Every structure is written in structure tokens, then in C-alpha cells.
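Numbering (the numbering used here), first residue to last: 198 to 327.
Here a beta-carbon is modelled for each residue, glycine too, at the ideal position from N, C-alpha and C.
Computed from a predicted structure; not experimentally measured.
First the structure, in the form of C-alpha cells, and then the observations on it.
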């Protein structure tokens with residue numbers, strides 16, 4: 198009987214912890230840009246972090262996630278999709294082998310912005326030459 202009582206007491210504590218974590222991470226969407234090849238959503242974070250998250254998908258198969266090659270302010274990143282960026286303007290190139298790259302010029306980031314870019318890459322019809 199004691200063990201059953203302990204389990205019932207631990208469930209509300211678990212819900213309180215989950216609720217606290219959820220509420221502390223809450224953000225407010227402040228804007229979005231829709232293009233035929235990408236969607237940019239901007240959120241205001243409560244903790245003041247300035248982050249950029251890039252999700253890349255196949256344009257024909259929206260559910261198929263791709264590992265992007267990201268060029269952020271002329272610095273190449275092969276595996277990273279989450280960046281702690283500074284405030285100001287940023288130039289971004291998002292690509293993948295056999296796909297047409299997307300360029301985003303002068304993306305303005307302000308203090309406390311959390312930006313999510315969903316990029317949809319089209320197949321590149323250019324033949325591969327040896």
C-alpha cells in the first residue's frame with residue numbers, strides 16, 4: 198500500500214516539472230516570411246538567446262529531411278543546423294548535393310530573436326560531369 202501511495206504522489210510532481218519546463222521555454226512568434234522555396238519564422242525568446250535553426254527538406258517530398266550544407270556569413274558548416282548568431286545582418290546559403298541552393302541575403306537578427314528557416318530544395322537538373 199505504501200508503494201502505491203508513493204507512485205500517486207510522484208505523478209503530480211512529474212506534471213509540475215513538465216509544466217515548468219514547458220512554460221520557461223515559451224516563445225512568442227513575431228513574424229514570418231513565406232517564399233516558394235523557404236519559410237522564415239521569427240520568435241522572441243524569453244531568456245534573450247539569439248538563435249538560428251535551419252531545417253532542410255526535399256521540395257518534392259516535404260516529409261523527407263535533408264542534411265544541409267550551410268554557409269553563414271562566408272563560413273561553411275557541414276553538420277550544424279543550430280547556430281548561436283549575433284545581432285545584425287546575416288547572409289545565408291543553404292544547399293545539398295544534387296539540389297539547387299537557396300540564398301537569403303541580409304537576414305536581420307535582433308537581440309532575443311529565435312529564427313527558424315524551413316528550406317525546400319529543388320532537384321538540380323545540371324548533369325554531373327567527371
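By the beta-carbon neighbour count (other beta carbons within 10 angstroms, threshold 16), residue 296 is buried.
One alpha carbon belongs to residue 249, the other to residue 283, and they sit about 10 Å apart. Closest by C-alpha distance to residue 323, out of 260, 294, 272, is 294. Nearest to residue 247 by alpha-carbon distance, out of 275, 311, 240, is 311. A distance below 7 Å between beta-carbons, with the five flanking residues on each side excluded, links residue 255 to the following residues of its chain, in chain order: 261, 263, 318. For residue 313, the enclosing beta strand (DSSP E) starts and ends at 310 to 318. Judged by DSSP secondary structure, residue 266 falls within the beta strand (DSSP E) whose first and last residues are 266 to 269. With at least 16 other beta carbons inside 10 angstroms of its own, residue 267 counts as buried.
The C-beta separation of residue 235 from residue 315 comes to about 6 Å, placing the pair in contact by the 8 Å criterion. Secondary structure at residue 278: coil, using DSSP grouped into helix, strand and coil.
For residue 290, the enclosing beta strand (DSSP E) begins and ends at 285 to 292. C-alpha of residue 274 to C-alpha of residue 252: approximately 14 Å in a straight line.
Selection 233, 276, 245 evaluated against residue 259 yields 233 as nearest (Cα-Cα).
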